[in-house]
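For reference, the structure is listed below as structure tokens.
Numbering (this note's numbering), first residue to last: 1 to 88.
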């Protein structure tokens with residue numbers, strides 16, 4: 001019983017650690033000037049992430065200028081959403 005509890009305890013901490021690194025994935029873009037929709041497509045294509053959003057709240061045709069062609073998903077999302085009320 002104690003071994004099972006210790007194992008469960010270790011596994012739960014490991015899962016928590018993995019979930020905090022979820023947006024540390026790095027993706028590469030062909031252009032630094034793209035639309036929000038193109039960015040979302042690239043995130044989904046290059047990672048195992050599924051990006052869920054409302055078309056009424058997010059303008060996917062809005063053009064953005066990203067600082068780097070290769071960066072973390074979290075940095076790209078921060079840049080893409082910084083002028084909006086959206087979060088991730």
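Built from N, CA and C at the ideal position, the CB exists for glycine as well.
No experiment lies behind these values; they were computed from the predicted model shown.
Asked	Found
I'd like the list of long-range same chain contacts for residue 50, defined as Cβ closer than 7 Å, with 5 residues on each side in sequence excluded.	44
Go ahead and pull the three-state DSSP assignment for residue 52.	coil
Output needed for residue 65: all residues of its chain with C-beta closer than 7 Å, excluding positions within five of it in sequence on either side, in chain order.	32 and 33
By a C-beta neighbour count over all protein chains shown, 10 Å radius and 16 as the cutoff for buried, is residue 76 buried or exposed?	buried
Going by DSSP in three states, residue 57 sits in which element: helix, strand or coil?	coil
Relative to the C-alpha of residue 85, which candidate in 37, 67 and 56 has its C-alpha closest?	56
Does residue 36 pass the burial test, meaning 16 or more other C-beta atoms within 10 Å, or should it be called exposed?	buried
For residue 68 and residue 87, I'd like the C-alpha separation in whole angstroms.	21 Å
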